[in-house]
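> Chains as they are written, first to last, in my numbering: chain A, 425 to 798; chain B, 425 to 798.
Let me begin by handing over the structure; questions about it come next.
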């Protein structure tokens, strides 16, 4: 547990007060869809609310498998306490002391912390701004060593909003086919994309049974607080994963599992589509405001709800990304997440969340422009 | 993760079919109290269901501290995904590779598995039938070595139903006062006791700040499937524990935390009292049936919902406790948990649960008597 500290994301949020404009949000602020809330209220009295099967209700695992974008059987699926527990569980049953796990840089900081927690050593592989931060198979393959046990992918990506290209994922799958390296594909933002459905390495022919796919209902159905996610793992990991999961949390919450069943039956699909459209409008608003009020050149977010902007040119007067973010908070009361929170290669960038209300996006970016010009 | 296998408890339950009489139950079958269900239904629409603070809602932590039987401040409390996550989290931030943790034998088998998961080595300390399986301080103190990092206590006890005596707990606290050994007091059955409120080592003067107390709403409020528990830890463990908790599950489920707040405000106290009275009646029924239908001499359960019976004299014709339990299941369709599931010193015993319906208790014990006589 040594060396695992509060993330910069958490620290930035702790520094904020309610009067701040919050462009640091890591979750949607939409309500959980009405159909799901109503379903819970109508059925709560009739549900058994004792322990569920450790790996989740059979019906839920069957629905997850059925709706999946890659071929998977229900027995390979374990329902977890959000994606977070799923990533930890997969790492715990994969990583031995001293093993290396490749994680994206920039990338979600919990990956590196979870690898350390599991006894392994995280090693960053580069995501490059010149490639729109999309995965480049060669960069991953070049980082693989004899000690590499797993590679973490994340598309749509946090913090960049990038969606990885199908041909690069296929190239990576081909490159890893003969290696005993587990691919861990974190797809929690999968349902929030603004173009074609995101490609996934799990959909590459004959590869779906070889990778661990992580997903959750948190982002797709606005259910972060319900703590409900899942992972699909290769057959040989099913038993150890179930053991870890049982020991660490017993099972995912019963009510949340019931709600997830209802969600997967399509009850909230229309509301979910509307939410994605709302996010598209907010994304476009953020881009428009960045153009109007700043001279920053943002990446076009293809998915998730973040726009990653390069503030490196602003360093001389303003310092690194952390100093910029701290000053923005102190002087303009705008919460952003400094790129350094996501790894060395995030330095020089800021993550702005467009999960915020339009007014906050507009006024927040206006203040960012004022601050950077000042 | 090596060596962590499906527990015998789980295996026995997996072998059972719905036509079996289930005296293997590890949870109450009472409904979650009406007041809690109604509260959720009435308020669900108004609650924010996003991430809660990692350590739990401030109001919940305050209420837990206020209602606690030992002096504790809210900042020392972390709300967890049931007691299971709490025990894992405490062990993860306490145990280094190779450390020893003393666990009760017989005792809840997850303790040893969780110690191994955290990288430590479990060592059993004896709970002795001649002392009614109540803690004997000298037995624990004699087992402490330079490598001992923690001692797990569990009162009321699973599987024996024993409640530990106050003087022995005080003697243990005195013996450990100068040692750098963490006491982990698992009190999940605390509210289910049939005599005076159970003593706790956390209530021994000046000791509450030195031990980790584990509790949950699962047994006390019939909320196993809600996955909501908590731990109180010494000040120096607060930060590492919060880090582990955030990394592994982010936070406990929001709805369950809201329900727990309502429970602690007293809304379900009357129903809880009735449940304990129902369990007392069932306990007495189980004891009466054991007297009538068998020649076994059960221990009087002072808490929890288990009666531990010595079947050692039956070994010659019937084999060990596992063989007896398997044969009981195969021939009489009665689920029991073999004592060996709880450690070497559980061998020769069977755990019968009186969480079952009275009819199942009566008929199940009748069949046990028939089987053992046959």
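The C-beta atom is built at its ideal place from N, Cα and C for all residues, glycine as well.
On a predicted model such as this, the values are computed, not experimentally measured, just so you know.
Closest to residue 444 of chain A by CA distance: which of A/744, A/753, A/795 is it?
Of A/744, A/753, A/795, the residue nearest in Cα terms is A/753.
> Shorter than 9 Å from the beta carbon of residue 676 of chain B to some beta carbon of chain A?
It does; some Cβ of chain A falls within 9 Å.
> Compute the Euclidean distance between the alpha carbons of residue 688 of chain A and residue 793 of chain B, then round it to the nearest angstrom.
Those two C-alpha atoms are separated by around 48 Å.
> Rounded to the nearest angstrom, what separates residue 552 of chain B and residue 535 of chain B at their Cα positions?
Distance between the alpha carbons of residue 552 of chain B and residue 535 of chain B: 18 Å.
> Write down the C-beta distance between residue 637 of chain B and residue 611 of chain B rounded to the nearest angstrom, noting that I regard them as a contact closer than 8 Å.
Rounded, the Cβ-Cβ distance is 6 Å, consistent with contact.
> Indicate whether at least one CB of chain B lies closer than 9 Å to the CB of residue 702 of chain A.
No, no contact with chain B.
> Hey, which unbroken runs of the alpha helix (DSSP H) at 4 residues or more fall wholly within the stretch 517 to 601 of chain B?
Counting whole runs of 4 or more residues, the stretch 517 to 601 of chain B contains the alpha helix (DSSP H) stretches 534 to 541, 561 to 567, 590 to 600.
> Between the stretch 664 to 678 of chain A and the stretch 539 to 549 of chain A, are three or more C-beta pairs nearer than 8 Å?
The stretch 664 to 678 of chain A is not in contact with the stretch 539 to 549 of chain A.
> So, with DSSP's three-state summary, where would you put residue 777 of chain B?
Looking at residue 777 of chain B - three-state DSSP - the assignment turns out to be strand.
> Within the same chain, show all residues whose beta-carbon is closer than 8 Å to that of residue 624 of chain A, passing over the 5 residues directly before and after it, in chain order.
These residues qualify, in order along the chain: 493, 494, 579, 593, 609, 611, 614, 637.
> For the stretch 631 to 652 of chain B, list every residue whose C-beta sits within 9 Å of some C-beta in chain A, in sequence order.
Within the stretch 631 to 652 of chain B, the residues whose Cβ lies closer than 9 Å to some Cβ of chain A are 642, 646, 647, 648, 649, 650, 651, 652, listed in chain order.
> Rounded to whole angstroms, what's the CA-CA distance from residue 707 of chain B to residue 653 of chain B? Just pull it up for me.
Going by the C-alpha atoms only, they are around 26 Å apart.
> List the residues of chain A whose Cβ lies closer than 8 Å to the Cβ of residue 451 of chain B, in chain order.
Per Cβ cutoff of 8 Å: 474, 475.
> If you run the structure through DSSP and keep just helix, strand and coil, what is residue 725 of chain A?
In this structure, residue 725 of chain A counts as coil in the three-state DSSP scheme.
> In the DSSP assignment, find the beta strand (DSSP E) that holds residue 640 of chain A and state where it starts and stops.
Unbroken beta strand (DSSP E) run through residue 640 of chain A: 635 to 640.
> What residues from chain A crowd round residue 509 of chain B, counting only those whose CB sits closer than 7 Å?
Per Cβ cutoff of 7 Å: 672, 673.
> Tell me whether the stretch 646 to 661 of chain A and the stretch 479 to 493 of chain B touch, counting them as touching only if at least three CB pairs, one residue from each stretch, are closer than 8 Å.
Result no; under three Cβ-Cβ pairs closer than 8 Å.
> For the alpha helix (DSSP H) containing residue 800 of chain A, name the first residue and the last one.
Any question about residue 800 of chain A goes unanswered here, given that chain A covers just 425 to 798.
> Under the rule that 16 or more other beta-carbon atoms within 10 Å means buried, what is residue 726 of chain A, buried or exposed?
With 16 or more Cβ atoms within 10 Å of its Cβ, residue 726 of chain A is classed as buried.
> Under a CB-based cut-off of 9 Å, is residue 775 of chain B close to chain A?
No - not a single Cβ of chain A is within 9 Å of the one on residue 775 of chain B.
> Tell me whether the stretch 451 to 462 of chain B and the stretch 445 to 462 of chain A touch, counting them as touching only if at least three CB pairs, one residue from each stretch, are closer than 8 Å.
No contact exists between the stretch 451 to 462 of chain B and the stretch 445 to 462 of chain A.
> Let me know if residue 785 of chain A comes out buried or exposed under the rule of 16 or more other beta-carbons within 10 Å of its beta-carbon.
By the neighbour-count rule (16 or more Cβ atoms within 10 Å), residue 785 of chain A is buried.
> Give me the Cα-Cα distance between residue 442 of chain B and residue 606 of chain B, rounded to the nearest whole angstrom.
Going by the C-alpha atoms only, they are around 42 Å apart.
> What do you get for residue 509 of chain B, buried or exposed, if any count of 16 or more other CB atoms within 10 angstroms of its CB means buried?
Classification of residue 509 of chain B: buried, given that the 10 Å Cβ count is 16 or more.
> Do we get a CB-CB distance below 9 Å when we pair residue 778 of chain A with the residues of chain B?
No, residue 778 of chain A lies away from the interface with chain B (no Cβ there is under 9 Å from its Cβ).
> Please identify, using Cβ separations under 8 Å, the residues of the stretch 461 to 472 of chain A that lie next to chain B, in order along the chain.
Per Cβ criterion, the list reads 461, 464, 465, 468, 469, 472.
> Which residues does DSSP pair with residue 607 of chain A in a beta bridge?
Looking at the DSSP assignment, residue 607 of chain A forms a beta bridge with A/575, A/635.
> Assign residue 426 of chain A to one of three DSSP states: helix, strand, or coil.
Confidence is the limiting factor: at residue 426 of chain A the pLDDT is only 45, short of 50, which leaves the residue's position unreliable and the question unanswerable from this model.
> Report the residue from A/461, A/655, A/632 whose alpha carbon sits nearest the alpha carbon of residue 416 of chain B.
The structure shown does not extend to residue 416 of chain B, since chain B is modelled only from 425 to 798, so the question has no answer here.
> Have a look at B/584, B/651, B/616, B/559 and flag the residue whose alpha-carbon is nearest the alpha-carbon of residue 693 of chain B.
Ranking B/584, B/651, B/616, B/559 by Cα distance to residue 693 of chain B puts B/616 first.
> Whose CA, out of A/728, A/783, A/791, A/768, lies closest to the CA of residue 756 of chain A?
Taking only the C-alpha atoms, the option nearest residue 756 of chain A is A/791.
> Does any CB atom of chain A fall closer than 9 Å to the CB of residue 604 of chain B?
No - not a single Cβ of chain A is within 9 Å of the one on residue 604 of chain B.
> I want to verify the contact list: residues of chain B whose CB lies under 8 Å from the CB of residue 534 of chain A, in sequence order.
Those within 8 Å of residue 534 of chain A in chain B are 671.
> In angstroms, rounded to a whole number, what distance separates the CA positions of residue 676 of chain A and residue 502 of chain A?
Going by the C-alpha atoms only, they are around 9 Å apart.
> What is the DSSP secondary structure of residue 441 of chain B, counted as helix, strand or coil?
Coil at residue 441 of chain B, not helix or strand.
> Using DSSP's beta-bridge definition, name the partner residues of residue 731 of chain A.
Paired residues: A/776.
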